[in-house]
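Protein chains in written order, with this note's numbering: chain A, 417 to 974; chain B, 417 to 974. Note that beta-carbon positions come from the ideal geometry of N, C-alpha and C, so glycine has one too.
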């Protein structure tokens with residue numbers, strides 16, 4: 417008899433297992449916020465649920481509550497949130513997590529998988545509520561907040577659960593080992609194999625994608641038998657808090673200790689560091705900047721660290737037979753969520769001699785100008801601009817835009833402008849800056865400039881651009897690279913370069929897919945093979961080392 | 417069409433895949449050195465092949481040959497080997513390894529798997545030759561050298577290849593991603609997924625099991641698309657050299673660059689360190705002591721390190737209904753290869769109040785004395801003793817035996833004696849030392865005393881012994897622990913302790929299986945979850961992170 421919740425969600429699991437095996441298009445969680453899918457009242461209910469959380473304490477009933485509360489979030493939309501969270505002693509959270517693990521181990525892989533699937537189904541029902549929380553804390557536009565914050569994040573979580581299930585399902589619970597002894601009776605042993613989680617997992621979220629980048633590690637760790645402490649970014653606590661509360665409710669309903677999943681809200685970096693280095697913490701999932709990421713890798717010797725850090729994503733343009741669609745595709749990529757995505761291209765490498773296109777030869781300067789114009793055209797309707805750009809999430813990003821606008825990092829092709837969002841007059845809205853520079857200006861374009869700052873980089877020729885791409889991936893890392901070319905040899909050379917440097921390649925994107933988008937079950941997010949990330953969403957390596965197998969054996973009569 | 421060598425070895429692969437899924441008894445490589453299996457002349461041929469290698473240069477035709485040759489091996493059997501190996505510049509080996517990788521990637525997972533299986537089949541045919549090399553370099557007895565050195569090592573290699581194949585086979589080479597767009601035509605993309613090895617692999621062997629502990633990492637790395645540099649222990653080069661030469665021959669036959677697999681013989685620790693920290697080296701497999709192992713983990717930031725280090729294996733004795741068979745089983749375990757195994761028990765934890773047995777109550781002192789007598793009895797026939805004990809592999813082990821004999825670490829229950837091996841009069845043969853001490857004497861028994869030095873440790877009671885076991889695994893690590901008890905509650909408590917501390921447990925071994933034996937395809941060697949090893953032979957985690965998936969995608973017409 418499988419666990420009741422596994423039986424209830426078997427179709428969902430089977431779909432996910434099939435999807436990770438074939439990697440075609442599949443998504444069980446609709447990305448359209450449609451009443452037909454989510455229910456006629458879902459949009460209103462979700463908005464009200466979100467609003468009901470504002471201006472008051474968020475209750476979690478966690479152990480170690482110090483009585484202190486913090487309300488750290490500042491909305492990029494300028495909306496007052498005033499949600500306060502309990503500060504819990506991190507040692508108490510670790511102790512409670514450890515205490516909750518043996519029962520979670522005893523549920524077994526089937527039970528854990530079923531319960532994780534139930535959690536995801538519940539989160540899916542909260543898609544609107546969580547989307548509003550994502551939008552208001554991150555500054556994403558509504559449609560992105562809904563899609564990336566809810567169904568796409570749920571897809572990524574389900575993907576991790578499917579990988580975790582597949583790997584755990586390979587470990588037989590027991591076996592009879594019967595070794596022939598010639599004419600004598602065989603030696604017979606009974607062996608049992610127990611899947612045991614490595615230990616308490618710490619999942620550190622980022623400020624821009626508080627669910628999409630948190631769910632994979634959270635669910636990978638949970639499904640493989642570990643307790644999880646979620647440490648959200650201080651400016652994007654609410655989406656994580658709603659998630660943790662739902663997970664705790666599902667655990668409690670199943671008669672399990674809800675302290676298996678807790679939220680650690682702290683304004684002290686030292687608390688996060690103490691947690692990450694705690695002897696009981698055996699894995700750390702992190703999305704964020706290089707400085708803290710490298711600190712984690714260097715210092716958390718007791719834990720497996722799965723880190724998604726910064727990189728310098730880029731695109732090589734050699735030639736195209738779809739000049740306008742290419743520019744349109746790039747304009748969208750550079751504008752979406754004001755390029756506050758770890759997958760957005762920062763550098764566009766163009767040969768000094770220009771490029772061949774279906775509209776004739778274009779000089780380097782023409783490419784720069786045409787791309788600038790394409791961005792301007794794409795953002796010319798204020799309602800489109802506000803929906804696509806969202807708002808600027810952090811003061812640091814704002815400062816980078818100012819510096820780019822000043823011309824400090826290159827010739828300004830298109831300056832960033834301040835827009836007003838009529839719906840949210842206090843929102844911080846900026847259009848992208850486009851700069852032109854030379855490949856020698858490495859200090860300018862070869863450092864991650866998170867946010868809407870892009871460079872068109874003049875390279876000697878296409879071969880030099882491909883070589884520069886490989887160098888940048890190896891040196892600074894990248895989650896995505898792209899190439900535009902009508903020539904097979906160029907695409908082959910770029911492909912070979914990405915094999916060596918280990919980065920995902922998008923070729924000649926001109927339609928409704930963008931280099932900064934990665935689809936669960938099909939696109940690996942990060943290869944784990946270059947400095948931008950040491951793991952991928954999701955593959956076997958993302959889950960296989962989160963549990964260990966402990967065996968016992970004894971003689972039995974043959 | 418599958419690769420010809422995959423087709424040729426499909427049955428072997430299918431058997432291994434089935435075995436890792438069910439973990440029952442299975443072995444394709446016969447552990448009996450029988451003429452019926454290996455051929456009537458195999459034993460003589462193998463001995464002659466081994467002898468023909470002695471007293472001359474071993475040729476490998478590797479790049480970077482400096483012209484310098486070293487002959488570092490001293491046989492524990494006192495036999496002059498005088499095999500000299502070329503010293504190759506390690507930078508040249510790395511460069512050649514990198515150059516060989518793209519073609520190995522292009523062969524694909526199927527081809528790589530087929531070629532690895534061919535390599536193992538060839539090595540199996542060399543079982544006698546390699547067994548002699550293992551025996552003469554490590555001091556193992558003949559039967560162990562044959563079994564552990566050849567078929568069992570080949571089994572472990574095959575196991576790694578099977579895991580590597582299974583994980584790689586989950587990655588589809590390509591897919592068509594077709595996303596519905598309501599009434600509009602779907603968005604269709606073609607995606608390709610390339611399995612790419614992480615980079616050059618370094619496999620550092622140990623002096624006692626130069627094939628059994630080397631093959632898993634070597635074949636896991638190779639099968640997943642990496643070049644491998646084997647750095648053998650300076651006293652056990654020959655088994656690795658024969659292996660590498662065979663692998664290079666198979667590669668050359670397949671039209672591949674033989675420099676995909678090379679041997680790095682060096683007497684400089686600094687060369688090994690430089691190799692391990694080389695930017696192109698992306699994985700390090702290591703078997704050996706804690707000092708260098710921890711150095712590797714701390715310093716090789718650019719590489720995944722798979723380390724099997726030292727531990728303090730131990731056994732809790734609570735009670736038994738088979739006192740004599742228990743003592744016999746322990747006597748064998750403590751004697752086999754003079755306990756120069758990373759799986760041999762070092763500490764036997766016995767309650768101060770003694771134990772209940774089928775022969776009545778036995779006091780602590782009686783257990784000590786009876787175990788000492790059982791060892792003495794087991795080794796009373798010189799031919800048995802020499803066959804089982806083999807010879808002492810290193811001067812350090814000899815020094816530890818002397819120190820134990822002096823009583824420095826506890827009361828001497830049974831002193832080590834010097835034996836003479838009539839066949840090898842210059843062999844260094846010693847019987848085990850058995851010491852008795854108190855659980856408070858942690859400095860004595862809680863440090864790995866590699867070699868035939870065992871402690872019977874007096875514990876307050878069984879509960880204290882189990883607690884001590886858990887503490888030792890958590891603090892010092894262990895590859896194996898055992899328990900003897902007739903009581904279910906004791907076995908359950910010990911089982912729960914091993915789940916928490918993550919170590920394999922053998923229960924009431926009294927027959928033909930010993931705690932220090934681990935069978936490929938069934939027993940996980942190490943859990944990877946305690947300080948004795950950060951990886952296991954073999955599981956998904958042992959292979960899944962040795963390759964990365966690099967994708968590319970582009971629009972196609974629907």
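Exposure of residue i, with buried meaning 16 or more beta-carbon neighbours within 10 Å
i, result
"residue 948(A)", "buried"
"residue 448(B)", "exposed"
"residue 815(A)", "exposed"
"residue 799(B)", "exposed"
"residue 754(A)", "buried"
"residue 972(A)", "exposed"
DSSP-derived helix/strand/coil call for residue i
i, result
"residue 562(A)", "helix"
"residue 551(A)", "helix"
"residue 628(B)", "coil"
"residue 898(B)", "strand"
"residue 520(B)", "helix"
"residue 719(A)", "coil"
"residue 609(A)", "strand"
"residue 831(B)", "coil"
"residue 434(B)", "helix"
"residue 477(A)", "coil"
CA-to-CA distance, residue j to residue i, given in whole angstroms
i, j, result
"residue 938(A)", "residue 781(A)", "37 Å"
"residue 645(B)", "residue 680(B)", "7 Å"
"residue 748(B)", "residue 773(B)", "20 Å"
"residue 659(B)", "residue 844(B)", "27 Å"
"residue 667(A)", "residue 943(B)", "29 Å"
"residue 882(B)", "residue 732(B)", "7 Å"
"residue 519(B)", "residue 855(B)", "57 Å"
"residue 910(B)", "residue 655(A)", "42 Å"
"residue 952(A)", "residue 958(A)", "6 Å"
"residue 557(A)", "residue 522(A)", "43 Å"
"residue 474(B)", "residue 838(B)", "30 Å"
8 Å Cβ cutoff, residue i in contact with chain A
i, result
"residue 441(B)", "yes"
"residue 647(B)", "no"
"residue 445(B)", "no"
Residue from the options with nearest C-alpha to residue i
i, options, result
"residue 723(A)", "740(A), 703(A) and 732(A)", "703(A)"
"residue 889(B)", "864(B), 907(B) and 870(B)", "864(B)"
"residue 807(B)", "450(B), 831(B), 459(B) and 491(B)", "491(B)"
"residue 562(B)", "547(B), 674(B), 726(B) and 962(B)", "547(B)"
"residue 769(A)", "709(A), 778(A) and 637(A)", "778(A)"
"residue 922(A)", "801(A), 894(A) and 689(A)", "894(A)"
"residue 581(B)", "568(B), 570(B), 422(B) and 467(B)", "422(B)"
"residue 566(A)", "537(A), 617(A) and 578(A)", "537(A)"
"residue 803(B)", "835(B), 932(B) and 670(B)", "835(B)"
"residue 636(A)", "583(A), 852(A), 475(A) and 794(A)", "583(A)"
"residue 826(B)", "787(B), 715(B) and 869(B)", "869(B)"
"residue 529(A)", "544(A), 512(A) and 573(A)", "573(A)"
Proximity test, Cβ basis, 8 Å: residue i and chain B
i, result
"residue 571(A)", "no"
"residue 605(A)", "yes"
"residue 464(A)", "no"
"residue 430(A)", "no"
"residue 893(A)", "no"
"residue 924(A)", "yes"
"residue 918(A)", "yes"
"residue 967(A)", "yes"
"residue 810(A)", "no"
Cβ of residue i within 8 Å of any chain E Cβ
i, result
"residue 612(B)", "The structure shown contains no chain E; its protein chains are A and B."
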